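Let me begin by presenting the structure, written as structure tokens, before commenting on it.
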Amino acid sequence: SQWGEENLQALSIQEGEDVTMNCSYKTYTTVVHWYRQDSGRGPALIILIRSNEREKRSGRLRATLDTSSQSSSLSITAAQCEDTAVYFCDTGYQNFYFGKGTSLTVIP
Amino acid sequence: DPKIIQKPKYLVAVTGSEKILICEQYLGHNAMYWYRQSAKKPLEFMFSYSYQKLMDNQTASSRFQPQSSKKNHLDLQITALKPDDSATYFCASSQEGQGEAEQFFGPGTRLTVL
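So the protein sequences, as listed, match chains A and B. According to our numbering, the residues represented by the first sequence are 9 to 116, in order. According to our numbering, the residues represented by the second sequence are 1185 to 1298, in order.
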């Protein structure tokens, strides 16, 4: 991927555990988007973080952005079964190249 | 009401035939995109349009032709279909010119080529 790449491809965790997914990108950006894709559906934005923010929270989600290392992370606290999905990051610039995504499975 | 409509939801075609995938967005966006996703594969960028003009084409084959008859429409014509074309095709849109450029995706058209 030219833009966003996830470092992990598959994660399986127990319900209630915390999980972190990482993403690295190769070019300058002012924003990183995190999307989730449920089975059989298109991706949907869940959180975005701007370059002037080191951390962004939304409910149980927490995104971080380190522009110096060109990396971002998405953490989910106390994962639930409904968090099972594929998670992508994207830098939101003109051409959108999503990485392979991280397939998260939360086991009850 | 759905903001991005893709039709049909499922499509079965025979090898060598031609099909058109429909996409309409009602978000007032000026940029539209097509992606494809094969089973258990990453989302693959195909085309981007801005103000009804082609901005980027990452599809190697000329068998894939986007068509924009209206500013909120971006259809995808696929000719000489092959079994390898079987995938789910997603349409998306965004408001270009805004720094965040969040994309909104349609529900997809699942194409099966026999």
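The beta carbon of each residue, even a glycine, is placed where N, CA and C say it ideally should be. These numbers were taken from a predicted model, which means no experiment stands behind them.
Asked, Found
"So what does DSSP say about A/E90, is it helix, strand or coil?", "helix"
"For the beta strand (DSSP E) containing B/E1228, name the first residue and the last one.", "E1228 to S1234"
"Check whether the stretch 40-56 of chain A touches the stretch 1200-1214 of chain B, counting contact only when three or more Cβ pairs, one atom from each stretch, lie closer than 8 Å.", "no"
"From what residue to what residue does the beta strand (DSSP E) around B/D1259 run?", "D1259 to I1262"
"Tell me the residue span of the beta strand (DSSP E) that contains A/K64.", "E63 to S66"
"With DSSP run on the structure shown, which of helix, strand or coil describes B/Y1250?", "Per the sequence shown, residue 1250 of chain B should be read as Pro rather than Tyr. In this structure, B/P1250 counts as strand in the three-state DSSP scheme."
"Do B/T1272 and B/R1294 have their C-beta atoms closer together than 9 Å?", "yes"
"Taking Cβ-Cβ distances shorter than 7 Å, what residues in chain A pair up with B/G1290?", "G50"
"Contact criterion: CB-CB distance below 9 Å. Does A/L53 meet it with respect to chain B?", "yes"
"Along chain A, in chain order, which residues have C-beta atoms closer than 7 Å to that of B/F1274?", "G50"
"How about B/L1343: is its C-beta nearer than 9 Å to some C-beta of chain A?", "Outside the displayed range of chain B (1185 to 1298) lies residue 1343 of chain B, so it cannot be described from this structure."
"On a CA-only basis, which of B/A1215, B/E1202 and B/K1255 is nearest B/E1280? Give me that one, please.", "B/A1215"
"Let me check you understand the geometry: is the CB of A/R58 closer than 8 Å to at least one non-hydrogen atom of the ligand GTP?", "Ligands in the displayed structure: none, and consequently the ligand GTP is not present."
"Could you say which of A/C97, A/V27 and A/L19 lies nearest to A/Q78 if we only look at CA atoms?", "A/C97"
"Put B/D1268 into one of helix, strand or coil per three-state DSSP.", "helix"
"Hey, B/Q1242 and B/L1260: beta-carbon distance below 9 Å or not?", "no"
"Between which two residues does the beta strand (DSSP E) containing B/N1214 stretch?", "Looking at the DSSP string, B/N1214 is not in any beta strand (DSSP E), and its letter there is neither H nor E."
"CB-CB under 8 Å to A/Y43, same chain, minus the five flanking residues each way: which ones, in chain order?", "P51, A52, L53, I54, Y95, F96, C97, D98 and F106"
"How about A/L73 and A/V40: are their beta carbons less than 9 Å apart?", "yes"
"Could you list which residues in chain B have their beta carbon closer than 8 Å to that of A/K108, in chain order?", "P1226"
"Would you mind sorting A/S9 into buried or exposed? The rule is 16 or more other CB atoms within 10 Å of its CB.", "With a pLDDT of 36 at A/S9, under the threshold of 50, the modelled position of that residue is not reliable, and the figure given next carries that caveat. Buried, because 16 or more other Cβ atoms sit within 10 Å of the Cβ of A/S9."
"Which one or two residues does DSSP pair with B/E1208 in a beta bridge?", "B/I1189 and B/H1257"
"Checking 9 Å against the spacing of the C-beta atoms, do A/A86 and A/R70 come in under that value?", "no"
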